[in-house]
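Chemist: Quick note: the sequence shown, position 415, residue 414 per numbering that gives the first Met the number 0, numbers continuous.
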Amino acid sequence: MSASKSARKTRAASRAPLPPPRTAHTGGPRRLFLLAGCWIATRALMLWLLTHDQDPLLGRGGVSREVGQLYVHWYGILRHGAFPSGDPLWQYPPGAGAVLLTPALLPGLAYVQAFVTLTLLTDAAITLALTYAGRRPGRSLRGAAFWTAGLPLLLHIPLARYDVQVTAFAVFSLLVLSRSPRAGGAFAALGALVKVWPALALLGTPRGRTTREAWTAAVVTAVTLLALLAAVFRDPFDFLRQQGGRGVQIESLGGTALMIARRAGWPGHTHYQYGAVEFVGPQVHEVALGSLVLTAGAFVLLLLWRLRARRWTPATPYDAALAAVLLFTVTSRVISPQYLVWLIGLTAVCLTSRHTTQRPVAPLVLAATAVSVVEYPACYAEVVSGSWTGCVLMIVRNGLLVSAAMVSFIRLWRSGRPTPDRLESDTPPPDLATIPASFRTGC
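(1) Quick check: the Cα distance between Tyr-70 and Leu-99, rounded to an integer number of angstroms?
(2) Consult DSSP for Tyr-271 and reduce its assignment to one of helix, strand or coil.
(3) Would you mind giving the Cβ-Cβ distance between Val-372 and Leu-150, rounded to the nearest angstrom? I have them listed as a contact below 8 Å.
(4) So, for Leu-49: in the same chain, excluding its five sequence neighbours on each side, which residues have a beta-carbon less than 8 Å away from its beta-carbon?
(5) Tell me the rounded alpha-carbon separation between Leu-252 and Arg-261.
(6) Going along the chain, which unbroken runs of the alpha helix (DSSP H) with 4 or more residues stay wholly within the stretch 386 to 415?
(7) So, do the stretch 173 to 187 and the stretch 198 to 206 have three or more beta carbon pairs nearer to each other than 8 Å?
(8) Using the rule of at least 16 other Cβ atoms within 10 Å of the residue's Cβ for burial, across every protein chain shown, is Val-165 buried or exposed?
(9) Quick check: what's the CA-CA separation for Thr-22 versus Lys-194?
(10) DSSP has Glu-277 in a bridge; who is on the other side?
(11) Looking only at its chain, what residues have a beta carbon closer than 7 Å to the beta carbon of Gln-357, apart from the 5 residues adjacent to it on each side?
(12) Looking only at DSSP bridge pairs, what is Arg-81 linked to?
(13) If you pair each beta-carbon of the stretch 183 to 197 with each one of the stretch 380 to 387, do three or more pairs fall below 8 Å?
(14) With DSSP collapsed to three states, give me the class of Thr-25.
(15) If I measure Cβ to Cβ from Ala-446 and keep anything under 6 Å in the same chain, skipping five residues before and after, which residues do I get?
(16) For Leu-228, which residues from the same chain have a beta carbon less than 6 Å from its beta carbon, with the 5 sequence-adjacent residues on both sides left out?
(17) Leaving out five residues before and five after Val-401 in sequence, what residues of the same chain have Cβ atoms less than 8 Å from its Cβ?
(18) To the nearest angstrom, how far is it from the Cα of Cys-378 to the Cα of Pro-417?
(19) What is the rounded straight-line gap between the Cα of His-284 and the Cα of Arg-245?
(20) When we look at the beta-carbon of Arg-138 and count the other beta-carbons within 10 Å, is it buried (16 or more) or exposed?
(21) Sort Ser-84, Val-286 and Pro-102 by Cα distance to Thr-255 and report the nearest one.
(22) Report buried or exposed for Gly-107, applying the criterion of at least 16 other Cβ atoms within 10 angstroms of its Cβ.
(23) Where does the unbroken alpha helix (DSSP H) through Cys-349 begin, and where does it stop?
(24) For Gly-58, collect the residues of the same chain with a Cβ closer than 7 Å to its Cβ; drop the 5 residues on either side in sequence, then sort them by chain order.
(25) Please determine if the stretch 304 to 316 and the stretch 351 to 368 are in contact, where contact requires at least 3 C-beta pairs separated by less than 8 Å.
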């Protein structure tokens, strides 16, 4: 009897409907409302700080002076169909001019008001894109939370620079890359025309059709827009002359070395030039040259990783972009606080994927961001004067960035090696773009 009863229960259980599958994401309504509330509260605080901007060196409106004076000046020149020719402060690719012209889309507002409004809208678009990506199966909302909570650590600086807009191109490029390599390539090209670094978003594309489509779309987009800008504006490539004359900014890795050397008796001093406070004196040229050599070395390391990598995951393009931008940032002659906006955005993209290798990098980026706003604007006078307080701040900030770059690249390198528990060929997994849509949808 017991066996018969057990058999009937087994047959009934087999006919019962299966429970609905558990979703891979954790983006419930409560978490979404919490994320939205955090975004609104933090951005309101950033706006309040911008309206009460006070710089210890420049006085009222110190942080916002760049957008309130310099951007407005460039806007007047760009509206007349020319790029700022012969201006040593204009060091940006032609696409930057298009971004600085966007406040004209809001004619009812003053330039600064329109610029800040568009920056906030771009910030919201990044948050929505990270949230949408995080709610897909196998993804996480950590990326959206990281961006929402990480950006306000820079206080009101992101609202007074156009680095949020640049970061948006890189974020969109990475997030759409797996579904549309052509769109990913186009976004990367748009970002590269504004500030060159978003081109690194395509470094980790899987070999094969995805890489070909993404890079072809990027080249076509870049060439087309450059031709258009050259036809509409005068002197679109004048920025190249200004870039060559830049020295060693006090906040860079080389600047930290010179700052310590000055405490030990080096006779150099600081001087405002090319839009930044830079060191002037003996051996500065050699330090600047050393930075360029380190940048070339970083490029070689990334190229070597690309050639030797045998294993790709869905997060590899994200991880490669973050590692590349970190390496190029720490070896640059300039490391301004707004550069942390790029790193926060790319780290957020990595955290949307459960396959990322970059989780240990996230706290290092956050710590470097927090120290950056202590260094500027809070203690910028100490950094410029080269006091021990300024030296310690720069050693800690740049030490955190160097640590983040090293951890990021090492983990990226190791992730490209075949796993010991499975056989791997000498090529990465099949590119999804080469599989017919009927097979992909049936999987």
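Backbone N, C-alpha and C fix where the C-beta goes; we use that ideal spot for every residue, glycine too.
Modeler: Taking the structure as given:
(1) Residue mapping note: residue 70 aligns to position 71 of the sequence shown, counting from 1. Residue mapping note: residue 99 aligns to position 100 of the sequence shown, counting from 1. One C-alpha to the other measures close to 7 Å.
(2) Walking along the sequence shown from the start, residue 271 turns up at place 272. In the structure shown, Tyr-271 sits in a strand (DSSP, three-state: E or B).
(3) Counting from 1 along the sequence shown, the entry for residue 372 is found at position 373. Counting from 1 along the sequence shown, the entry for residue 150 is found at position 151. No, Val-372 and Leu-150 are not in contact; Cβ-Cβ is about 11 Å, not under 8 Å.
(4) For the purposes of this step, residue 49 is taken as the residue at position 50 of the sequence shown. Val-62, Ser-63, Val-115, His-155, Leu-158 and Ala-159, listed in sequence order.
(5) What you label residue 252 is simply residue 253 of the sequence shown in a count that begins at 1. What you label residue 261 is simply residue 262 of the sequence shown in a count that begins at 1. C-alpha separation (whole angstroms): 14 Å.
(6) DSSP runs (the alpha helix (DSSP H)) wholly in the stretch 386 to 415: 387 to 414.
(7) Contact between the stretch 173 to 187 and the stretch 198 to 206 is present, with at least three C-beta pairs closer than 8 Å.
(8) Along the sequence shown, one-based indexing puts residue 165 at 166. Around the beta carbon of Val-165, a 10 Å sphere encloses 16 or more other beta carbons of the protein chains shown; the residue is thus reported as buried.
(9) Taking the sequence shown and counting its residues from 1, one reaches residue 22 at position 23. Taking the sequence shown and counting its residues from 1, one reaches residue 194 at position 195. At Thr-22, the pLDDT of 41 sits below 50, so the modelled position is not reliable; the number obtained from the coordinates is stated separately. Their backbone Cα atoms lie some 38 Å apart in a straight line.
(10) For the purposes of this step, residue 277 is taken as residue 278 along the sequence shown, with counting starting at 1. Partner(s): Gln-248 and His-270.
(11) Indexing the sequence shown from 1 puts residue 357 at position 358. The residues are Asp-318, Leu-321, Thr-346, Cys-349, Ser-407 and Arg-410.
(12) The residue given as residue 81 occupies position 82 in the sequence shown. The sequence as given places Ala at residue 81; Arg does not occur at that position. DSSP output for Ala-81 lists Arg-233 as bridge partner(s).
(13) Short answer: they don't touch.
(14) In the sequence shown, the residue the question calls residue 25 occupies position 26. With a pLDDT of 49 at Thr-25, under the threshold of 50, the modelled position of that residue is not reliable, and the figure given next carries that caveat. Note: Thr-25 maps to coil in three-state DSSP.
(15) Since the displayed the chain opens at 0 and closes at 442, residue 446 lies outside it and no answer follows.
(16) Here residue 228 is taken as the residue at index 229 of the sequence shown, counted from 1. The beta carbon of Leu-228 is closer than 6 Å to those of Pro-93 and Pro-235 in its chain, skipping five residues each way along the sequence.
(17) Within the sequence shown, numbered from 1, the residue matching residue 401 stands at position 402. The beta carbon of Val-401 sits closer than 8 Å to those of Leu-252 and Val-329, all from its chain and outside the five residues before and after it, given in chain order.
(18) Within the sequence shown, numbered from 1, the residue matching residue 378 stands at position 379. Within the sequence shown, numbered from 1, the residue matching residue 417 stands at position 418. Computed Cα separation, rounded: 47 Å.
(19) Looking up residue 284 in the sequence shown gives position 285. Looking up residue 245 in the sequence shown gives position 246. Approximately 10 Å between the Cα atoms of the pair.
(20) Reading the sequence shown from its first residue, position 139 is the one you call residue 138. Flag for Arg-138 reads buried.
(21) Here residue 255 refers to the residue found at position 256 of the sequence shown. Here the closest residue by C-alpha is Val-286.
(22) Indexing the sequence shown from 1 puts residue 107 at position 108. By the neighbour-count rule (16 or more Cβ atoms within 10 Å), Gly-107 is not buried but exposed.
(23) Position 350 of the sequence shown, counted from the first residue, corresponds to residue 349. Here the alpha helix (DSSP H) through Cys-349 covers 338 to 350.
(24) Taking the sequence shown and counting its residues from 1, one reaches residue 58 at position 59. Interpretation of Gly-58 is limited by its pLDDT of 46, a score under 50 that renders its predicted location unreliable; no figure is taken from the coordinates.
(25) Yes, the stretch 304 to 316 touches the stretch 351 to 368.
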